[in-house]
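Accompanying notes for the structure given below.
Numbering (the numbering used here), first residue to last: 323 to 602.
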């Protein structure tokens with residue numbers, strides 16, 4: 323009788339803990355869904371605002387049949403620092419919408435690992451902040467590279483004429499990257515990433531978020547390069563990238579999904595390169 327009686331409270335305690343975690347899980351992913359919706363809405367608004375600003379200005383046609391995007395240069399009365407800050411802000415909002423569906427499970431595992439501390443929400447927020455700070459740093463690098471290429475294209479018409487073909491070759495190479503062992507290894511790590519131990523403090527949560535960010539940036543290198551080549555504020559390209567990244571992280575047959583998106587990328591890259599060269 324004693325053993326049965328003592329087992330019942332333990333069973334009830336375990337059941338209550340599981341029920342509590344299920345409730346926390348629903349709340350967590352519900353908040354993530356709301357943030358995704360807000361990020362997507364903000365991205366669309368920024369896209370409309372950018373195109374509205376561009377439509378009020380004289381477009382700059384470039385040799386090769388493409389038009390200079392104002393995302394890569396200061397607008398009238400804007401400094402380069404202001405242009406960089408605007409681009410990074412736009413980039414981070416866009417990345418919240420694009421990456422949150424795929425990173426949410428990893429952040430949930432982070433929260434579970436931090437439950438013992440009683441500060442699970444705070445430590446998860448710290449990890450998420452570190453993760454998106456890495457993406458913001460990448461956004462700065464992308465802006466600097468894009469601005470440099472645009473400046474060179476303004477000076478060298480030959481480079482400007484080659485830009486559409488080069489963009490196609492970038493997409494082609496990014497598609498091929500999906501078939502490499504390097505991509506397979508990174509994707510496996512993304513799907514099973516978890517803190518090495520319980521997250522006991524803010525520093526540990528920050529380090530874990532940085533590791534997640536570095537790993538994710540490498541895994542998404544091909545998709546990110548394709549997006550930059552096609553147009554960072556192309557809503558269609560962003561939607562395709564979001565679906566591709568989320569599917570290869572969340573769908574059980576992740577390798578097949580990655581290779582399918584790679585095949586599409588190769589096809590799109592060939593088409594863009596040939597069109598840029600005037601062969602289509």
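Every residue gets a Cβ at the ideal spot worked out from N, C-alpha and C, and that includes glycine.
Keep in mind it's a predicted model, so treat the numbers as computed, not measured.
Could you say if the region 531-549 and the region 466-474 meet the contact criterion of at least three C-beta pairs nearer than 8 angstroms? Fewer than three pairs of CB atoms, one per stretch, sit closer than 8 angstroms, so the region 531-549 makes no contact with the region 466-474.
Can you give the Cα-Cα distance for residue 352 and residue 436, rounded to whole angstroms? 19 angstroms
Can you name the start and end residues of the alpha helix (DSSP H) that residue 472 belongs to? 442-477
Do residue 524 and residue 445 have their CB atoms nearer than 8 angstroms? yes
Since residue 485 contacts residue 388 with CB under 8 angstroms, what's their CB separation in whole angstroms? 6 angstroms
Beta-carbon within less than 8 angstroms of residue 508's beta-carbon, same chain only, minus the 5 sequence neighbours each way: which residues are those? 537, 540, 541
Quick one: what's residue 384 bridged to in DSSP? 388
Residue interval of the alpha helix (DSSP H) (run including residue 540): 524-541
In this structure, how does DSSP classify residue 344 when only helix, strand and coil are distinguished? Looking at residue 344 - three-state DSSP - the assignment turns out to be helix.
Return the CA-CA distance between residue 422 and residue 360, expressed in angstroms with no decimal places. 11 angstroms
For residue 600, name the three-state secondary structure that DSSP assigns. coil
Please determine if the region 575-584 and the region 363-370 are in contact, where contact requires at least 3 C-beta pairs separated by less than 8 angstroms. no
Would you mind reading off the limits of the alpha helix (DSSP H) that contains residue 434? Following the DSSP letters along the chain, one finds residue 434 inside the alpha helix (DSSP H) bounded by residues 402-435.
Output needed for residue 443: all residues of its chain with C-beta closer than 8 angstroms, excluding positions within five of it in sequence on either side, in chain order. 433
Return the residue from the list 424, 399, 393 that minimises the CA-CA distance to residue 411. It is 393 whose Cα lies nearest to the Cα of residue 411.
Looking only at its chain, what residues have a beta carbon closer than 8 angstroms to the beta carbon of residue 593, apart from the 5 residues adjacent to it on each side? 490, 602
Buried or exposed: which applies to residue 400, given that a residue is buried once 16 or more other Cβ atoms fall within 10 Å of its Cβ? Classification of residue 400: exposed, given that the 10 Å Cβ count is below 16.
Using the three-state DSSP reduction, which class does residue 488 fall into: helix, strand or coil? Of the three classes helix, strand and coil, the one that applies to residue 488 here is helix, per DSSP.
Identify the continuous alpha helix (DSSP H) that holds residue 564 and give its terminal residues. 557-572
For residue 398, does the three-state DSSP call read helix, strand or coil? coil
Considering only their Cβ atoms, is the gap separating residue 382 from residue 390 smaller than 8 angstroms? yes
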